[in-house]
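Residue numbers (my numbering): 515 to 1699. We put the beta carbon where it would ideally sit given N, CA and C, even for glycine.
Okay, structure coming up:
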């Protein structure tokens, strides 16, 4: 049967089939499964029909637990229902999964299998989540690649219906879910033909309905529960045959040979691997290579994992097999072996096959790459008389010595003629998008097979991205990173300066292209010795292209991706360049025609420029023996941080973390790292950075106040500090004069992200953006100031003002957040006010990803006190409870210490000095800032008393870290606070405990790609709201205010800095629960004019338009006879529609649904007006109390 071909990833393939068989989808976002739900939502919004002739009803819930409950209820009512999830999300569904399976309800959970968090969160792929569901009663079907996802997903849906057993249909997260291939796709008529309509009718007839009433979910006693539970056995006994039946139907249509267990390899193999997932494609490549050399090796691909069919497995194992290695993509500490291994072991034992040597290994945890060298290592190990019984692949385990040695480079096993290309980009620079377009062009306009996979680091925008593209005339079965490429491109020159190993991945004679502004001589200066030698020794064809200046010249600003895309087509020889240009221009016209001819023409120029601007660099013979690189300066700073940076951060930052052995983490098994390492990254990713002009500066500190990454900071200096500084430091007299201090504003050009927020808030144009390299001399100045210039407490600056707060050291610096991020501006400010006393409980989301990437925490310590935020992340859904636990736990220990202090002070033996110190300490114990010095004084007296033999003083000193008043903060985004964590947040606020909650309100799930939350506003278009959100934004602030004893404030840093600082300060001082909601424009909002460099200005516009309101509710004012409710912002000024039309999250609705857009935008404005009127009433209402 011939099917249409289309380039798509595994998620899209699963969604294509799921949509066909689904009537209701209960969804919730989680990486990497969210694109499936989003795709289904988009098709639903567009009116696409399933095989039953209806449109899928998509219901987004507040959590995965809620989504599973919705699925359960919808199934009970008789609708064919599905969901899409992974990792912790799947685990939240487990209680309902037991119920769904127990009630024989047929459905499919499509799972892009992902790591379950343990010592750290990991968003990438392994099988730990699906293995956690083994005993739920769900059947489990596994696919290897996007084509198999397309082919076999109907088997899950149809077998679930006929077998009356729900299915997990899973495939590897990212490696399969996000890998793009050109595959054959099902026509819905064929899917309808396979669907067992009689089973559908039976399912509906048995559904709950008042027309034929029944009851489910009874409670049973011990007399009957066991017997009743055993009644389901026949469904599972019969299910393998049902699955085989539908595999046979697929095989009949496609000419394939899908089985419960598929064998691949030599018919007389003596060494066999058994595995599930994408590793099977790698193994097939290796088997082809080895069997061609006469080796007897084979592979068994597990497709139906549950229910397990021993008979089918035994039929698949060659009779000649002597040694079997089972590969599991998970780790179960304490177990005799991982799940798949134990299943195979039981099967062999029960079959009496005790003469077969069986070993088990772990691989691929957290998306650890599993290249052919790993599979070669397994077959090599199996050649031994006594192969290692437990082993690991792809790592060096020098602690427990479980890892197998791998020979690299391994033989090339990819399909002959495959062209392999690799692109090093910067997150948000368009490299990934351009490569997806290139893949689509090649896939759509040639007969070539394609594969595209995208590798990321843990940063948001501004991190490293590596695109792996393969093109060829034969099917591509290479689900592993490219390390022997025909073409490698470096799109960010900073990577050359940092010495990243890029050119070393180019095959001899291949092409290496660098995007930079350098001459050939400057390039020679920046390339390290290893790179030069590799280029010269391997005849690498070296090219440069200055897409940076060319983009500015054309009018594209920072967007170089189109230029670089056409340069790729010019140099990579994948298709004729004239055809590539033709297709690129056609795509540009299609994408940008709605924006006008000028925009289309600008893209045409960019395409032509990429073809014409490549420059061939003649490689000098001297590069074969290059001069050695200058030795790097020895790092200074806290020894524990320097050690961390030298041992871990250096290789991780260079994308070489794979080389680190297990011993590098032996003393960090619990996942705890020291903070402050981000200061050593010095990524240098910004093209332009700020330059300060002291002549124009009025010293308002606005630039520092809004800086997302704490890279521009004010300092006050004594004359001696000025003299000791680098000669190029610029200073000005302090304004207004207060003491003998000089003022400077310093920039860290290597840490700056180049967002330009500082320019937009500067009232006197004292900041200008200059090329980063022109500001290199400013780095030593910044470093000197940070290390040597401390805060001047006698300068008359008030900490609790926007200006004064900026003289406090930021204890959040140089994070991995997006350029211009509002979240980090809020968090940084809070650390400047209370950082030395802070606990932070952080919900999973953007703020946890930029807040604690492994080995490079942006939270740091005060340079003098060495104190700083203590940060922790539990889960997405329990952050408030986790934060409450922090408060209760530390306060319990503090209270114990305080009681002992009181006992000591009351003793006749206490000195007058001790009593005085204790009195001052107790007097200030509830004031975070005021308690700092008294705590220090008290500890000094305790030490004296302990030295004199006071046992109770020794007891207190054992808990001295708990003596000082701490400030507990709970950070998270709106997805957490409004949705998945709302129940816990509500309970914590209601508890009356002294915790402070900071909600970064981006009005969407930013971290997972921009899905709708209950914070999303009317008319907003985001994932899961493709047709615009219909309902109003949840009033989280009023819910909290209803308790009457919770401090509540809504703030917007860029709209009213003074109100923001005041609210944060009041919230911390309030002796009870506090909730601050900060408006946080996001990259995903698509701000039209200026993007995120106008983030702060966008906040101002939001408040002026009446879109966002500023107010506070301070219950403490009641006791003073004052109105606790303060409304700071004014009514909208009539610019509401203008505000909406400046953000793509709203304007996206206009073209596909113009009438709906007009209706929802009007509704949104009316709702905003009504909300403000309500707030005005609250002022009067609380004023009358």
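Going by DSSP, residue 607 is part of the alpha helix (DSSP H) stretching over 601-616.
Short of 6 angstroms from the beta carbon of residue 1264, and not among the five residues preceding or following it, lie these beta carbons of its own chain, in chain order: 1196, 1198 and 1293. Here the alpha carbons of residue 844 and residue 706 stand approximately 36 angstroms from one another.
Ranked by how close their Cα comes to the Cα of residue 519, the residues 1038, 694 and 772 have 694 in first place. Counting only unbroken stretches of 4 or more residues, the alpha helix (DSSP H) elements lying wholly within the stretch 1291-1353 are 1292-1302, 1316-1319 and 1336-1348, in sequence order. Secondary structure note for residue 820: it is in no alpha helix (DSSP H), and the uninterrupted beta strand (DSSP E) holding it is 818-820. The beta carbon of residue 1377 lies closer than 8 angstroms to those of 1300, 1301, 1304 and 1323 in the same chain, with the five residues before and after it left out. Secondary structure at residue 1005: coil, using DSSP grouped into helix, strand and coil.
Beyond the five residues adjoining it in sequence on each side, residue 944 comes within less than 8 angstroms, by CB distance, of 1073, 1074, 1075 and 1076 in the same chain, given in chain order. In the three-state reduction of the DSSP assignment, residue 937 falls in the strand class, which pools E and B. Residue pairing of residue 785 in beta bridges, as defined by DSSP: 811 and 837. Here residue 1653 carries a helix assignment [DSSP, helix/strand/coil].
Per the coordinates, the alpha-carbon of residue 1620 lies some 16 angstroms from the alpha-carbon of residue 1517. Bridge partners of residue 1204 according to DSSP: 1283. Taking the CA atoms as reference points, residue 1607 sits about 30 angstroms from residue 1250.
For residue 1593, the uninterrupted beta strand (DSSP E) run begins and ends at 1588-1593, by DSSP. Excluding the 5 residues flanking it on each side, residue 853 has same chain C-beta neighbours closer than 6 angstroms at 645, in chain order. Secondary structure note for residue 1079: its alpha helix (DSSP H) is the uninterrupted segment 1075-1086. Residue 1186 sits in coil when the DSSP states are folded into three classes, being neither helix nor strand. Taking the CA atoms as reference points, residue 1207 sits about 38 angstroms from residue 1481. Counted as a single uninterrupted DSSP element, the beta strand (DSSP E) harbouring residue 1057 occupies residues 1055-1059. In the structure shown, the three-state DSSP call for residue 1529 is coil. In the structure shown, the three-state DSSP call for residue 1266 is coil.
Listed in chain order, the beta strand (DSSP E) runs fully inside the stretch 522-582 are 538-541 and 571-574, counting runs of at least 3 residues.
At a Cβ-Cβ threshold of 8 angstroms, residue 760 and residue 673 count as neighbours.
Residue pairing by DSSP puts residue 1029 in a beta bridge opposite 1059. Put simply, the stretch 1317-1336 does not touch the stretch 1436-1445. Fewer than three CB pairs are less than 8 angstroms apart.
Boundaries of the beta strand (DSSP E) harbouring residue 1515: 1510-1515, taken from the DSSP string.
Residue pairing by DSSP places residue 1130 opposite 1057 in a beta bridge. Spatial neighbours of residue 865 in its own chain (CB-CB distance under 6 angstroms, excluding positions within 5 residues in sequence) are listed in chain order as 828. In the DSSP annotation of this structure, the continuous segment of the beta strand (DSSP E) that includes residue 1640 starts and ends at 1639-1641. For residue 1257, the three-state secondary structure derived from DSSP is strand.
Three or more beta-carbon pairs separated by less than 8 angstroms are not found between the stretch 1532-1548 and the stretch 1504-1511, which leaves the two stretches without contact. Judged by beta-carbon spacing, residue 1484 lies beyond the 8 angstroms limit of residue 1521, meaning their Cβ atoms are not closer than that value. The beta carbons of residue 1492 and residue 1529 sit closer together than 8 angstroms. Sequence-distant Cβ neighbours of residue 1697 in its own chain, meaning closer than 6 angstroms and more than five residues away, are 1637.
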